[in-house]
Amino acid sequence: MKKVLIVDDTKNIRVLLTACLELEGYEVISAKNGEEALDSFTKEFFDLAFLDIKMPEFSGTEVLRRIRSNGINTPVVIMTAFGTVKNAVECTRLGAVAYLQKPFTADKVRNLLNELKSDASSDISFNISTAKKLIDELKLNEALNILKNTLPLDINRAETYSLIAKVYELMGDQKEAERFYNISKHFE
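Counting in my numbering, the sequence shown runs from 109 upward without gaps.
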């Protein structure tokens, strides 16, 4: 199950987004400010984050800047009722993948998710890169989940099988590690 972080200081927004995302099959974690968001990002891997720009303490733009400087490449959707060109340019430069203008409807959220799914599913390189970072951090279950989701996108890619084998090896499952190493050799 994909995990999403929602960061907004308005409870109603968090509740609406949580309901929409859970109906779409996501596991949802929420934070009410930037400090909670940064704490969540350091503790868990997220497949996607919804980040409000205007929050107390520090802005969503600052949260985005800090997670990027820490090497966290989670796709981020910026939410704002006060969209400015300056914010849009800065957030895009920091790697925001989409904008969600407030107020929004459940249909708008669903449409955005469908767009993001088609974009993300074709981004094999991003998934491989993320999995490698997670392996280096010994976040093996999360890396394995990403790799297994990446596998159907290109079943002929030896690197994906090799990385899955490496994860199983680090988990101590030699039988599965050997199986995936052998599969990878067929595609080299």
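Yeah, the Cβ is synthetic: ideal placement off N, Cα and C, and Gly gets one too.
Could you tell me the distance, in whole angstroms, from the CA atom of F154 to the CA atom of Y269?
22 Å
Could you have a look at A138 and say whether DSSP puts it in helix, strand or coil?
Looking at the sequence shown, residue 138 is not Ala but Ser. Here S138 sits in strand by DSSP.
So F288 and A266 are supposed to be a Cβ contact under 8 Å. How far apart are they, rounded?
The pair is not a contact, with the Cβ atoms about 10 Å apart (cut-off 8 Å).
I want to know whether the region 141-151 touches the region 164-171 - three or more CB-CB distances under 8 Å.
yes
What are the boundary residues of the alpha helix (DSSP H) that I232 is part of?
232-244
If we count the other Cβ atoms within 10 Å of its Cβ and call it buried at 16 or more, is A157 buried or exposed?
Classification for A157: buried.
Nearest by alpha-carbon distance to E165: which of D117, E135, V197 is it?
D117
Contact check, I180 vs I161 under 8 Å by CB: the rounded distance?
No, I180 and I161 are not in contact; Cβ-Cβ is about 18 Å, not under 8 Å.
Pull up the distance between the alpha-carbon of E250 and that of A139, whole angstroms please.
21 Å
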